[in-house]
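Q: Residue numbers (my numbering): 61 to 572.
1) Which partner residues does residue 329 have in the DSSP bridge list?
2) Between the segment 310-323 and the segment 252-265, are three or more C-beta pairs nearer than 8 angstroms?
3) For residue 425, does the three-state DSSP call read helix, strand or coil?
4) Measuring straight from C-alpha to C-alpha, what distance separates residue 177 and residue 240?
5) By Cβ distance, which residues of its chain are closer than 7 angstroms to residue 464, with the 5 residues on each side in sequence left out?
6) I'd like the list of long-range same chain contacts for residue 211, defined as Cβ closer than 6 angstroms, with 5 residues on each side in sequence excluded.
7) Determine the direct distance from the alpha carbon of residue 99 to that of residue 106, and round the result to whole angstroms.
8) Who are the near neighbours of residue 183 in its chain, counting only those whose CB is closer than 6 angstroms to its CB and skipping five residues on each side?
9) Does DSSP put residue 169 in a helix, a strand or coil?
10) In three-state terms, what does DSSP make of residue 311?
11) Could you tell me the distance, in whole angstroms, from the CA atom of residue 360 to the CA atom of residue 246?
12) Quick one, are the C-beta atoms of residue 382 and residue 396 less than 8 angstroms apart?
13) Where in the segment 362-410 do unbroken runs of the alpha helix (DSSP H), each at least 4 residues long, occur, reported from the N-terminal end onward?
14) What residue from 496, 468, 267, 506 has the CA that sits closest to residue 430's CA?
15) Given a threshold of 16 other Cβ atoms within 10 Å of its Cβ, counted over all protein chains shown, does residue 380 qualify as buried or as exposed?
16) Rounded to whole angstroms, how far is the Cβ of residue 337 from the Cβ of residue 406, which I believe are closer than 8 angstroms?
17) Measure the beta-carbon distance from residue 565 to residue 271 and round it to whole angstroms, keeping in mind my assumption that it falls under 8 angstroms.
18) Can you give the beta carbon distance from residue 521 to residue 349, rounded, assuming they're within the 8 angstroms contact cut?
19) Leaving out the 5 sequence neighbours to the left and right, which residues in its chain are closer than 7 angstroms to residue 192 when beta-carbon positions are compared?
20) Please list the terminal residues of the continuous alpha helix (DSSP H) segment that includes residue 93.
21) What first and last residue would you give for the alpha helix (DSSP H) that runs through residue 136?
22) Going by beta-carbon coordinates alone, are residue 296 and residue 449 separated by less than 8 angstroms?
23) Inspect the beta-carbon positions of residue 84 and residue 92 and report whether they are closer than 8 angstroms.
24) When the cut-off is 8 angstroms and only beta carbons count, does residue 177 lie next to chain B?
25) Report yes or no: do three or more beta-carbon pairs, one from the segment 493-503 and one from the segment 320-340, lie closer than 8 angstroms?
26) Measure how close the beta-carbons of residue 305 and residue 262 come, nearest whole angstrom, since I'm counting them as under 8 angstroms.
27) For residue 308, I'd like the list of residues in its chain whose CB is within less than 7 angstroms of its CB, leaving aside the five on either flank, ordered along the chain.
28) Would you grab the beta carbon distance between residue 30 and residue 479 for me? Rounded to a whole angstrom, and I think it's under 8 angstroms.
29) With 16 as the cutoff for other CB atoms within 10 Å, does residue 167 come out buried or exposed?
30) Going straight from the alpha carbon of residue 14 to that of residue 460, what length do you get?
31) Compare the C-alpha of residue 325 against each of 546, 73, 525, 67 and name the closest.
32) The alpha helix (DSSP H) that contains residue 334, what's its start and end?
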């Protein structure tokens, strides 16, 4: 089930919230947890009920291991932890990387295997990491007392189950125990629905519109069609905007949904295209994944408590792990390698150049650093989107194709068939394809750089668990207020979003 589907918005969510409201009035937290767990399993099973057993198995095994880790000490505890991590990584490796390993071996050895294609279970990358943090922290005595219901809801809570944030047990278990206490229902509804609608608008109106510009370019590249320069540029930047607003929209909707139930999630997305270096970018883009990599990959490797050379190796391996986590394929392998190199180069630059010269605080340096970081991120996203390394190379080659500058006839034909250009045709602009595409891109980029993030928009209301660790102030500043003006604005966003629900598309991070 998708957040941007009619059955979720108009059937599932109202029914789940109404049941929650009734049980909340009775002050029965355990019944509320059971109700939300049931709803979460229904939500997950809607996609493919055959993998409900995998989610249940993962929860049961990890909860059992957590209890054993609390009871045992010494070598037995260490062995249990190793077995638990191996179990989780093994599940992830089989389902996420099994096809890639078999296909790569077949290609390298010039042989063919007759094997069944392994379907990637939804959300396995997310709930696997959540449970690894639980096992590691339990082995260190860092988990609070909890029962099976709290743990099951911690893993399966539907607003964050499919694509994050990767929540920490210390953030959620205590909140679940308070579900039966009185809540400000009207306040939670107004805030939660407002954030939910903003996220929905980002996804179905903005992100999906840029998908209309980006998808044909990468489809053409996959087919081996030579790309023109401007259409390669349009496809590259359009995908960057599509992914940005798609993930930003999902992150907003997750926080808004949690607010409806009186719960708070951590901020996972905080205007990352305003980052002034690649390290800041990863603290602002999928912040909870970066937190996991920092605490459970980088720190165990030695972190900064080692020689400069080893620090750089640790940074590289951490970013490489982040790239490979996103998907199984040589494109993600290279994506991780490039970001690992960028992070290492940034550390060297900061220590040897920008720091000693005092550049960091200068306005012109901030502007150039933000632009450079943005361009680096955008052009590496070609690898993130392309199906193969060859297709990515074709897009990069198209960016430097001096012989063919504009939009190809094939790309123009595809654009003319979209709803976006049907609307443009009504006002006599359908013939201005280049202007429309790049004008839309400029407006979107300006919005990313200058408009407030959702977290800033709702300040001083605490819509999430904590203040994001880093972020840039918005140039245009305004804030949400309960009242008629904002109610009308949110209603207009919702109507515009509903008009785009006829063709439901998955969130891009669902595939990870």
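In this text, a Cβ means the ideal position worked out from N, Cα and C, and glycines have one as well.
A: On the basis of the coordinates in this document:
1) Locating residue 329 in the chain shown gives position 269, counting from the first residue. 345.
2) yes
3) Stepping through the chain shown from its first residue, residue 425 is reached at position 365. Helix, per DSSP.
4) Translated into positions along the chain shown, residue 177 becomes position 117. Translated into positions along the chain shown, residue 240 becomes position 180. Between residue 177 and residue 240, the C-alpha separation is close to 45 angstroms.
5) As a first step, residue 464 is located in the chain shown; it is residue number 404 there, counting from the start. If we look at residue 464 and ignore the five residues flanking it on each side, its Cβ neighbours are 288, 289.
6) Walking along the chain shown from the start, residue 211 turns up at place 151. Cβ within range, chain order: 123.
7) Against the chain shown, residue 106 aligns to sequence position 46. Against the chain shown, residue 99 aligns to sequence position 39. One C-alpha to the other measures close to 11 angstroms.
8) Taking the chain shown and counting its residues from 1, one reaches residue 183 at position 123. If we look at residue 183 and ignore the five residues flanking it on each side, its Cβ neighbours are 221, 222.
9) Walking along the chain shown from the start, residue 169 turns up at place 109. Coil, per DSSP.
10) As a working note, residue 311 is residue 251 in the chain shown. Residue 311: helix per DSSP, three-state reduction.
11) Here residue 360 corresponds to residue number 300 of the chain shown, with the count starting at 1. Here residue 246 corresponds to residue number 186 of the chain shown, with the count starting at 1. Between residue 360 and residue 246, the C-alpha separation is close to 45 angstroms.
12) The residue given as residue 382 occupies position 322 in the chain shown. The residue given as residue 396 occupies position 336 in the chain shown. Contact flag set, yes.
13) 368-385, 390-409
14) Here residue 430 is taken as the residue at index 370 of the chain shown, counted from 1. Per the Cα distances, 506.
15) One-based indexing of the chain shown puts residue 380 at position 320. Residue 380 comes out buried.
16) The count along the chain shown starts at 1 and reaches residue 337 at position 277. The count along the chain shown starts at 1 and reaches residue 406 at position 346. Yes, they are in contact, since the Cβ atoms of residue 337 and residue 406 sit about 5 angstroms apart, within 8 angstroms.
17) Translated into the one-based positions of the chain shown, residue 565 becomes position 505. Translated into the one-based positions of the chain shown, residue 271 becomes position 211. Rounded, the Cβ-Cβ distance is 7 angstroms, consistent with contact.
18) Here residue 521 refers to the residue found at position 461 of the chain shown. Here residue 349 refers to the residue found at position 289 of the chain shown. Actually they are not in contact, since the Cβ atoms of residue 521 and residue 349 sit about 26 angstroms apart, beyond 8 angstroms.
19) In the chain shown, counting from the first residue as 1, residue 192 sits at position 132. Closer than 7 angstroms at the Cβ level, and outside the excluded window around residue 192, lie 145, 148, 356.
20) In the chain shown, the residue the question calls residue 93 occupies position 33. Per DSSP, residue 93 belongs to the alpha helix (DSSP H) from 89-105.
21) Within the chain shown, numbered from 1, the residue matching residue 136 stands at position 76. Its alpha helix (DSSP H) spans residues 134-152.
22) Taking the chain shown and counting its residues from 1, one reaches residue 296 at position 236. Taking the chain shown and counting its residues from 1, one reaches residue 449 at position 389. The answer is no: Cβ separation not under 8 angstroms.
23) Here residue 84 corresponds to residue number 24 of the chain shown, with the count starting at 1. Here residue 92 corresponds to residue number 32 of the chain shown, with the count starting at 1. Closer than 8 angstroms, so yes.
24) Structure shown: chain B not included; a single protein chain is present.
25) no
26) Position 245 of the chain shown, counting from 1, holds the residue named residue 305. Position 202 of the chain shown, counting from 1, holds the residue named residue 262. Indeed, because the Cβ distance is near 5 angstroms, the residues count as touching under 8 angstroms.
27) Along the chain shown, read from residue 1 onward, the residue named residue 308 stands at position 248. Hits under 7 angstroms: 262, 329.
28) The question about residue 30 has no answer, for the chain in this structure spans 61 to 572.
29) The count along the chain shown starts at 1 and reaches residue 167 at position 107. Result: exposed.
30) Missing from the structure shown is residue 14; the chain here goes from 61 to 572 and no further.
31) On the chain shown, residue 325 is found 265 positions in, with the first residue counted as 1. Looking at the Cα atoms, 525 is the closest of the given residues.
32) In the chain shown, the residue the question calls residue 334 occupies position 274. It is not in any alpha helix (DSSP H) - residue 334 carries neither H nor E in the DSSP assignment.
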